[in-house]
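Enquirer: Residues in the sequence shown are numbered consecutively from 1385, following this note's numbering. In this text, a Cβ means the ideal position worked out from N, Cα and C, and glycines have one as well.
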Amino acid sequence: MLAHYFDIIRSIFFLVSAMLFVVTHPVQARQTGEPELTLETLSQPPKNPQLPLGTLLDNNGQPIHIPNQRQSALEYSTPTVSLTETQKSQTNAPSKKTKSKKLNRKQQLTSRAQVANDPNCRWLDKRMQQLEALSSSKQNKPAQYQLDELSARQKEWQCLKCGAEGPNQNDYSRCQYRRETITR
């Protein structure tokens, strides 16, 4: 209970000392030469010259020049192509147009000319490209496991119908490549 009274007395002491400081502070401001802020001094315009509109000052108070025209920091011009170069390339192209033969369903499923819009099909296409590149390299003979994986991926490609419309929802689990495990 006594401690409670000491807290109240201490609070009153701090409040009174703060009020005395506020009352004496304008007197200290006049003694140091700083102008006192009153209603009359705030209503008067500042004695500094007015800057024109659009003028900016740097950290030293000096005006910063702002260019009137906008300039880009990066200058880039596209290379010009002469008309004769494009005409030459068109004349050198073969004039014979080959007719594309319509593929039957089985050829369409095995073909990799088109890839279905499916992430599994895109991954299969890239993986088969890697395996074919490994098997066709002249430096090393491909390992048997790479050839086995390539044939398994080709079967998976056909089962998922990646060369045509792409897989259905139930094709994923049905066509997934499963390694053979040897149990003893």
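Less than 6 angstroms between C-beta atoms, sequence neighbours within five positions excluded: which residues of the same chain meet that for Tyr1561?
Expert: The sequence position of residue 1561 within the sequence shown is 177, counting from 1. Cβ-Cβ distances below 6 angstroms link Tyr1561 to Ala1536 and Glu1540 in the same chain, with the five nearest sequence neighbours on each side left out; the list follows chain order.
Enquirer: On the DSSP letters alone, give me the boundaries of the alpha helix (DSSP H) that Tyr1556 sits inside.
Expert: If you number the sequence shown from 1, residue 1556 lands on position 172. Start and end: Asp1555 to Cys1559.
Enquirer: Give a yes or no on contact between the region 1550 to 1560 and the region 1500 to 1520, applying the rule of three or more CB pairs nearer than 8 angstroms.
Expert: yes
Enquirer: Mapping the DSSP letters down to three states, classify Ile1396 as helix, strand or coil.
Expert: Along the sequence shown, one-based indexing puts residue 1396 at 12. In the structure shown, Ile1396 sits in a helix (DSSP, three-state: H, G or I).
Enquirer: For Ser1519 versus Leu1531, is the C-beta spacing smaller than 8 angstroms?
Expert: Start at 1 with the first residue of the sequence shown, and residue 1519 comes out as number 135. Start at 1 with the first residue of the sequence shown, and residue 1531 comes out as number 147. The answer is yes: Cβ separation under 8 angstroms.
Enquirer: Got a sec? Which residues, its chain only, sit under 7 angstroms from Glu1533 by beta carbon, not counting five neighbours each side?
Expert: Walking along the sequence shown from the start, residue 1533 turns up at place 149. For Glu1533, where only same-chain residues beyond five positions count, the Cβ hits under 7 angstroms are Leu1515.
Enquirer: Should Ala1527 be labelled buried (16 or more other beta-carbon atoms within 10 Å of its own) or exposed?
Expert: Counting from one through the sequence shown, the residue named residue 1527 turns up at place 143. Per the 10 Å Cβ criterion, exposed.
Enquirer: Within a Cβ cutoff of 6 angstroms, which residues of the same chain sit near Val1406, ignoring the five residues on either side of it in sequence?
Expert: Residue 1406 sits at position 22 when you count from the first residue of the sequence shown. Within the same chain, Val1406 has no close Cβ partners at all.
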